[in-house]
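In this note's numbering, the protein residues as written are 30 to 710. For every residue, glycine included, the Cβ atom is placed at its ideal position computed from N, Cα and C.
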C-alpha cells in the first residue's frame, strides 16, 4: 500500500489550516487554556506592594516575551516569503523520474523566500547585494528545495572558503560598520586576494545587484545538479527562474534614495502585488547537458563561478510558478522556514561541485542552532505534505507522538516497521557515479580560469550597463581607505578589460594600467537586461494633480492606464478628493511628502490652472528626479508648462500631447520601456 497522497496547488494551504489560530471573539487564556480575568496589572501584596512570584500569568507572559527572538540568519537575514503553486508545462520524463516533473498540467504548492545576503534583519531592501531566491516545492515524494540566488554564479569555488567571504563582507569587527554594504576595505581585500571572485564581481557591480523589485528578478540554482531518469541515466542540469515581467533594475542614486524613503520598498511591493491580485510569476527553465558531454566546453561544468552560456546550452522552459498568497505570520512562516539544497526527491541528485558539497553540510548545521534543535522539520511551514515515518525520537520542539515500542532498525517486535522502500517503491537511491583518486587538498586545473567569463559578461553588456558597472566599481573602491587594496582590485580588473580598468583607476586615484585586457571576444546577449521583456503591466505611475485639473481628459488618462494594467497613484498637496473641471473628483493617495518620485516607475503630470509656487516646486522636483533616473514622463494640459519649465521637453521618454488617445498610446509605450538610457542627463 502506497504512503503517498494526492498533491495539488492547495495541499500546503489545507495542511496549514489546522495550525492557524483566529483569536477574534475569543476569551483570553493562559497557554494551558485557563481563562484570565485581567491583563493590565500584576498580582501584588497591596496596591503599592511588590509583585508576587505567585502570579503565574505574569511569569508565563514575561517568560515567553523574553524568549520570543531566535538567532537571525548569519546571511539572508532580511527576507520576504510568500506561498504559491508550480504548474508543469512539459514532462521531463526522458531526463528525471521526479514525480512533480512528469505530468503536464500537474500542480504542487510552493513557498518562496527572497532575501538580501549581507545585511542584518533590520537593513534596507535595496543595498548593492546578491538576492536569495529559495523555493520549497511540497511534492508527493517529499520536499524539494531549490536554494538559489538572483545571480547564476558565486564568489568562491569551494565551501571551505564561505566563512572567509562572509567575515569579509560583514561589518568590520573594529568599527561594526558598514551595514549591508560591500564598499569597505575587508571585502575588497578579500576580492583582490581571491580572484576566483572576478566573474561574480562583474555581476555584483552590474544592475542585477539593485533590482527594481523582487517580481522583476531572475533566479538561478547556481550549482550543477543531476537529473536521473527511471533507467538510471544521468544528465547535468542547471535551474533558472525567468520572471514573466522581465528583468529590471534601479539606478544607484535611485536605490540609495529608496532605502531612505522606504527601506521596506521591495517587500511592500510584492506584498501589495499579491494582495491586489497581480500575482508574481516566473517560468522555470532548465539547461541540460548529457553526462558524456561533461568535458566538451571551455569551462568546467562543475565550477560554481561559471555559467553555461544560453547560446551554447539553451534554456528549456518547463513550467511556471505563481505566488498567490501572502503569509499569515512572518515569524511562523518566513522566519522559521528552513531550506536545504540537500532536500531532494528521487530523480534529482548532486554533482561534485565543491561549493555544493559544502552547502550540503552547512544548511542542516545552521538550522540546528537557529531553530533550536533537530525537529525543525516539524514546524508547520517546513512539514512535507506527504507522510514521514522514521525512528528519530525526542529532542527540542518534538511534536510527533510516536506510538509503539520500537525506535530502531532492524526489529522484530514491530515487524521491522518503518521499513526502507526499494527504488521501485519510490525509495531514494543515490546516483552511482564512479569516484577514484587520492585524498588531496587541491582544486582541478579546470577551475583556474578566473577571467574568461568575467570578460564574456562585460562583452555582453549594453553601453548603459557598462557605464553603470564603471560607476559601481568607482563608487565602491572610493569607499576603500587603503590605497593598496584599491590598486590590487584595479590590477585584477585589468585582466577583464583594460578600458574598464583605466577608467576605474582614474576615478579612484591609483596608478592607471597601460597594458593588459582579455583576448575573449565572445558575448552572450542573454546576459544583458537590455534584451529582457518590456511591458507596462503592474508598473506604478505617479499622477500629479492640482485643483481645477482638466477633469474629462485626466480621468480618461487614468482609466486608460488602469486598462493597461498599470497602477496610477494620485499625488497632490494633501490627501483626499482633488476637484477638477466637469465636477470630476479623483482621490489623492499620496502627498508630495509621502509620494517621492523614486517610489514610482513613471510620472504623469496634469497639474492645474492655479498651481502656486509650492506646488510647482514639488512637482518640478518630481519631474527632475524621474528624468535623472531615466524614467518615463508624460504631461497633458497645464502639466506641460511644468515640463517646459524643467527643460525636459523633447527628450526620449518624455511624452506631451493634449489629444488623449494619442497621448495614451505614446505614454504607455514609453512606460513599457521602463528606462530611456539615451536621454541626455
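Member of the options whose CA lies at the smallest distance from the CA of residue i
{"i": "residue 388", "options": "333, 301, 401 and 56", "result": "333"}
{"i": "residue 710", "options": "471, 108, 280 and 247", "result": "280"}
{"i": "residue 624", "options": "150, 574 and 271", "result": "574"}
{"i": "residue 135", "options": "167, 674, 159 and 380", "result": "167"}
{"i": "residue 401", "options": "97, 76 and 75", "result": "97"}
{"i": "residue 69", "options": "62, 371 and 84", "result": "84"}
{"i": "residue 745", "options": "648, 286 and 251", "result": "A query on residue 745 cannot be resolved here, the shown segment of the chain reaching from 30 to 710 and no further."}
{"i": "residue 454", "options": "674, 661 and 170", "result": "170"}
{"i": "residue 315", "options": "303, 570 and 264", "result": "264"}
{"i": "residue 600", "options": "149, 626 and 456", "result": "626"}
{"i": "residue 604", "options": "596, 611 and 615", "result": "615"}
Span separating the alpha-carbon of residue i from that of residue j
{"i": "residue 288", "j": "residue 211", "result": "16 Å"}
{"i": "residue 269", "j": "residue 432", "result": "43 Å"}
{"i": "residue 516", "j": "residue 219", "result": "13 Å"}
{"i": "residue 114", "j": "residue 413", "result": "15 Å"}
{"i": "residue 460", "j": "residue 195", "result": "32 Å"}
{"i": "residue 707", "j": "residue 683", "result": "12 Å"}
{"i": "residue 102", "j": "residue 192", "result": "14 Å"}
{"i": "residue 572", "j": "residue 635", "result": "7 Å"}
{"i": "residue 444", "j": "residue 434", "result": "11 Å"}
{"i": "residue 79", "j": "residue 87", "result": "13 Å"}
{"i": "residue 312", "j": "residue 266", "result": "16 Å"}
{"i": "residue 410", "j": "residue 46", "result": "11 Å"}
{"i": "residue 391", "j": "residue 633", "result": "50 Å"}
{"i": "residue 310", "j": "residue 469", "result": "45 Å"}
{"i": "residue 644", "j": "residue 619", "result": "14 Å"}
Cβ of residue i within 8 Å of any chain B Cβ
{"i": "residue 222", "result": "Any reference to chain B falls outside this structure, which holds one protein chain only."}
Under 8 Å between C-beta atoms of residue i and residue j
{"i": "residue 513", "j": "residue 542", "result": "no"}
{"i": "residue 141", "j": "residue 110", "result": "yes"}
{"i": "residue 665", "j": "residue 686", "result": "yes"}
{"i": "residue 485", "j": "residue 557", "result": "no"}
{"i": "residue 504", "j": "residue 533", "result": "no"}
{"i": "residue 198", "j": "residue 127", "result": "no"}
{"i": "residue 524", "j": "residue 545", "result": "yes"}
{"i": "residue 254", "j": "residue 377", "result": "yes"}
{"i": "residue 160", "j": "residue 184", "result": "no"}
{"i": "residue 187", "j": "residue 397", "result": "no"}
{"i": "residue 285", "j": "residue 479", "result": "no"}
Simplified DSSP assignment, three categories, for residue i
{"i": "residue 378", "result": "strand"}
{"i": "residue 109", "result": "strand"}
{"i": "residue 678", "result": "coil"}
{"i": "residue 350", "result": "strand"}
{"i": "residue 249", "result": "strand"}
{"i": "residue 337", "result": "coil"}
{"i": "residue 175", "result": "strand"}
{"i": "residue 275", "result": "coil"}
{"i": "residue 309", "result": "coil"}
{"i": "residue 239", "result": "coil"}
{"i": "residue 560", "result": "helix"}
{"i": "residue 320", "result": "helix"}
{"i": "residue 605", "result": "strand"}
{"i": "residue 509", "result": "coil"}
{"i": "residue 402", "result": "coil"}
{"i": "residue 611", "result": "helix"}
Residue range of the unbroken beta strand (DSSP E) whose run includes residue i
{"i": "residue 263", "result": "263 to 272"}
{"i": "residue 164", "result": "160 to 168"}
{"i": "residue 633", "result": "631 to 636"}
{"i": "residue 664", "result": "662 to 664"}
{"i": "residue 574", "result": "569 to 574"}
{"i": "residue 144", "result": "136 to 145"}
{"i": "residue 297", "result": "No beta strand (DSSP E) holds residue 297; the alpha helix (DSSP H) holding it covers 294 to 304."}
{"i": "residue 683", "result": "683 to 685"}
Closer than 7 Å: residue i CB and nearest the ligand SAM heavy atom
{"i": "residue 438", "result": "No copy of the ligand SAM appears in this structure; indeed no ligand is present at all."}
Endpoints, the alpha helix (DSSP H) within which residue i is located
{"i": "residue 652", "result": "642 to 657"}
{"i": "residue 587", "result": "580 to 592"}
{"i": "residue 289", "result": "281 to 290"}
{"i": "residue 512", "result": "512 to 523"}
{"i": "residue 191", "result": "191 to 198"}
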